[in-house]
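Just below is one structure, and these are the notes that go with it.
Numbering (my numbering), first residue to last: 13 to 297.
See below:
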């Protein structure tokens, strides 16, 4: 299971780089649309081929698949893709490294999990590390990078909610089916959103490089990456799985350095180390 989790983290880390690059050419909402289309098609084909082995979805669970779909695409993916356009891939990966802390907070507030002193200290330390990165360029609340940081941080929160709520249905129907269903319902809910935005969509003008990046984001990161996440979620507790997100800043920073010669700032390194230490303390608490 651990090799699959590491593969999932590698895919997730590459998402920050691909998303940053493709939003240089396309509006973020357009990227989310085609990413959703590719992932929905891939999962739709899988569901079609394996429908005889799948469990029938109970009527009472259908609304929850739409809730998960809303968390997935109109909220999480749109916030992430739009946010990473304005911030750096390394900052986006740091935001997702905070997922374990957010999962724990949700578990304490809604699932009755006990909050110890060590867990409290860890959460506060992780938040402090994140604030170091958020305010790296000062208290410029109106700056694009600050806005991007807030958006990817909000995306991380929605991912934590998505993870926590989805575990029950992943256990019941299987991780891959659960992910596929949330992708398809998410795309259905996203259509009115993209129609309401004043964005021109001109697919005939996209070159092969753009289509490859959209395919990668849709089939590899949203398809394979999300499926691996939920399959792993059926094997272990959400908080224990979420802690693997701590390695995303490291993987993303390394990939960004080799691919784009992007050298992380001292402030980012300090904030990342503080945040990751906080998450580790939280998990051990």
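Even for Gly, the Cβ is constructed at its ideal location relative to N, Cα and C.
- In this structure, the straight-line span from the alpha carbon of residue 27 to that of residue 281 is close to 20 Å.
- For the 8 Å CB-CB criterion, residue 95 and residue 163 form a contact.
- Three or more beta-carbon pairs drawn from the region 84–99 and the region 35–43 are found closer than 8 Å, and the two stretches are therefore classed as touching.
- By the criterion of a C-beta distance shorter than 6 Å, residue 193 is surrounded in its chain by 77, once the five residues flanking it on both sides are discounted.
- By the neighbour-count criterion, in which a residue is buried when 16 or more other Cβ atoms sit within 10 angstroms of its Cβ, residue 264 is buried.
- Listed in chain order, the non-local C-beta contacts of residue 291 below 6 Å within the same chain comprise 112, 113, 138, 258, local neighbours out to five positions each way being set aside.
- Contact annotation: residue 173 and residue 118 have beta-carbon atoms nearer than 8 Å.
- The three-state reading of DSSP puts residue 209 in coil, since its state is none of H, G, I, E or B.
- Unbroken beta strand (DSSP E) runs of no fewer than 3 residues, entirely contained in the region 179–226, are not found.
- Going by beta carbons, residue 81 and residue 198 fall inside the 8 Å limit.
- Listed in chain order, the non-local C-beta contacts of residue 156 below 7 Å within the same chain comprise 98, local neighbours out to five positions each way being set aside.
- Residue 185 and residue 67 have their C-alpha atoms some 6 Å from each other.
- Residue state for residue 169 is assigned as helix, using DSSP reduced to three classes.
- For residue 87, same chain residues with a beta-carbon under 7 Å away, outside a window of 5 residues either side, are 170 in chain order.
- For residue 60, the enclosing alpha helix (DSSP H) has its first and last residue at 40–62.
- Taking 8 Å as the cut-off, the beta carbon of residue 244 is found no closer than this to the beta carbon of residue 23.
- According to the DSSP assignment, residue 34 belongs to the alpha helix (DSSP H) that extends over 14–34.
- For residue 270, the secondary structure class from DSSP, reduced to helix, strand or coil, is helix.
- Following the DSSP letters along the chain, one finds residue 242 inside the alpha helix (DSSP H) bounded by residues 238–245.
- Going by DSSP, residue 101 is part of the alpha helix (DSSP H) stretching over 101–109.
- Annotated as distal: residue 50 and residue 189, with beta-carbon spacing of 8 Å or more.
- Residue burial annotation: residue 55 is buried, with at least 16 other C-beta atoms found within 10 angstroms of its C-beta.
- In this structure, residue 29 sits near residue 101, with a CB-CB distance shorter than 8 Å.
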